[in-house]
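Going by the numbering used here, the sequence shown opens with residue 1, and the numbers climb by one from there. Take a look at the structure below.
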Amino acid sequence: AQQKDCAETVRRSADALLSVINDILDFSKIEAGKLAIESLDFDLRLVMEAVNEMLAPNAEDKQLDLILEYPPRLPREFVGDAGRIRQVVTNLVGNAVKFTPAGQILATVDCESQDGEKATVRVSVQDNGPGIPADKMASVFEKFIQGDSSTTRRHGGTGLGLAICKQLIELMGGSIGVNSQLGGGSTLRLTLPPQPG
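Structure follows, in structure tokens:
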């Protein structure tokens with residue numbers, strides 16, 4: 001049992017270090033204008049399901065319900081960078097799991113608007129965590145900023161995750177934003193560029 005605990009500590013530390021390294025590498029590529037965005041066919045529902053499957057064990061460890069809502073009427077086939085979209089959604093859902101002490105995380109996909117044959121799809125991640133103070137709302141997507149000075153001490157991280165998400169989504173022609181109430185949870189929303197609907 002002691003060896004298992006030690007091995008688990010090593011694994012968690014390695015995952016944390018890898019996350020920091022990946023954030024710094026992505027940030028460096030974006031700042032240098034060297035980050036390439038792919039444009040390939042992909043299935044958005046499969047991307048969302050893959051994120052949920054990957055983070056389900058973390059949610060289960062905290063006894064959180066991780067729920068995905070993807071209405072059948074919505075399109076699934078998109079053109080874009082599935083890997084980068086998966087990275088952004090993983091960051092949003094992962095943050096929600098990290099900062100939510102109890103309850104559920106709800107990831108939803110819906111149609112924000114439709115213009116002829118083009119549809120703009122929105123992905124929302126809602127939690128019932130502690131929320132973000134009003135005076136911090138404007139800065140959550142800034143580099144090296146976290147909502148609470150004790151966040152790094154309790155949860156780790158670089159404060160780069162949401163800044164990278166914002167830049168990736170904007171590089172793809174989409175947008176990202178947040179609604180939150182202190183003590184009432186947070187909802188982060190990203191919109192993808194208009195796609196055939």
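Even for Gly, the Cβ is constructed at its ideal location relative to N, Cα and C.
For Ile-105, same chain residues with a beta-carbon under 8 Å away, outside a window of 5 residues either side, are Ala-59, Leu-64, Asp-65, Leu-66, Ile-67, Val-93, Ala-96, Val-97, Val-125, Gln-126, Asp-127 in chain order. Non-local beta-carbon contacts of Lys-62 in its own chain, meaning distances under 8 Å to residues more than five positions away in sequence, involve Val-97, Thr-100, Pro-101, Ala-102 in chain order.
Between the segment 48–58 and the segment 80–94 there are three or more inter-stretch CB-CB distances shorter than 8 Å, so the stretches are counted as touching. Closest option to Gly-183, judged by alpha-carbon separation, among Met-172, Pro-133, Leu-171: Pro-133. In the three-state scheme derived from DSSP, where H, G and I count as helix and E and B as strand, Asp-81 is classed as coil. The beta carbon of Arg-122 sits closer than 6 Å to those of Asp-110, Glu-112, Arg-189, Thr-191, all from its chain and outside the five residues before and after it, given in chain order. For Glu-117, the closest C-alpha among the options Asn-91, Gly-185, Phe-78 is that of Phe-78. Counting only runs that start and end inside the segment 13–38, there is no beta strand (DSSP E) element of at least 3 residues. Bounds of the beta strand (DSSP E) holding Leu-40 are 40–43. Distance between Leu-74 and Arg-45, taken at the CA atoms: about 9 Å. By the Cβ-count criterion, Val-10 is exposed, with fewer than 16 other Cβ atoms from all chains shown falling within 10 Å of its own Cβ. Within the segment 59–118, the complete alpha helix (DSSP H) segments of 4 residues or longer fall at 82–99, listed in chain order. Under the three-state reduction of DSSP output, Ile-132 falls in the coil class, being neither helix nor strand. Closest option to Asn-22, judged by alpha-carbon separation, among Pro-57, Gly-80, Cys-165, Ile-176: Cys-165. Excluding residues up to 5 positions away in sequence, Leu-66, Thr-90, Val-93, Gly-94, Val-97 lie with their Cβ nearer than 8 Å to the Cβ of Leu-55 in the same chain. Gln-2 has its alpha-carbon roughly 47 Å from the corresponding atom of Gly-33.
Leu-162 places its beta carbon 8 Å or farther from that of Ile-37.
Per the coordinates, the alpha-carbon of Val-140 lies some 20 Å from the alpha-carbon of Gly-173.
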